[in-house]
Amino acid sequence: MPKEQFLIAMRYLAASVSVVSAKDSHGKLYAMTASSVTSLTIEPPAILVCVNKNASIHDALQPGSEMCINILSNAQQDISNLCSSKDSDMKRFDNDYWNKDEVPFLKDAQSNIFVQVDEIVGYHSHS
């Protein structure tokens, strides 16, 4: 299937929108909008998140690091847009949406899933 047709088809695949957030070992905060998040197993509980290798958060996510998967509601499109923009990462945190303690998380997300990165598998443009 040609790339353009594939992209068009994927736009019709229903999925929740999440924001993945993390803090690196230097204390820098990261957040990115992710539409490719899915449960992998129940036992042990595992989630698969696909992150573009060019995303600023990519290198902050290492085995053993912690992150939060913030599942957004329909009313949080502004947050989704903010975290998918090419603007500075820190602009994403210049608001009252976040609790920025250990692992940053969205206070009003439908759900916050705190996880520890277990394994990273690269595949072409994503890990």
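Be aware that the sequence shown starts at 1, since it is given in full-length UniProt numbering, and climbs by one per residue. All C-beta atoms in this analysis are idealised placements derived from N, C-alpha and C, irrespective of residue type, glycine included. This one's a predicted model, so the numbers in the text were calculated from it and none came from an experiment.
query, result
"Within 8 Å, strictly: CB atoms of T38 and L48", "yes"
"Option in P45, K53, K91 with minimal Cα separation from H126", "K53"
"Cβ pair M67, V19 closer than 8 Å", "no"
"Proximity winner among S85, V51, K91, relative to V121 (alpha-carbon distances)", "V51"
"Residues that DSSP places opposite K23 in a beta bridge", "L29"
"Alpha-carbon spacing of Y12 relative to N74, whole angstroms", "17 Å"
"Assigned exposure category for K91 - 16 Cβ within 10 Å defines buried", "exposed"
"Which of helix, strand or coil DSSP assigns to M1", "coil"
"Beta-carbon proximity list for A15, same chain, < 6 Å, skipping 5 on both sides", "S35"
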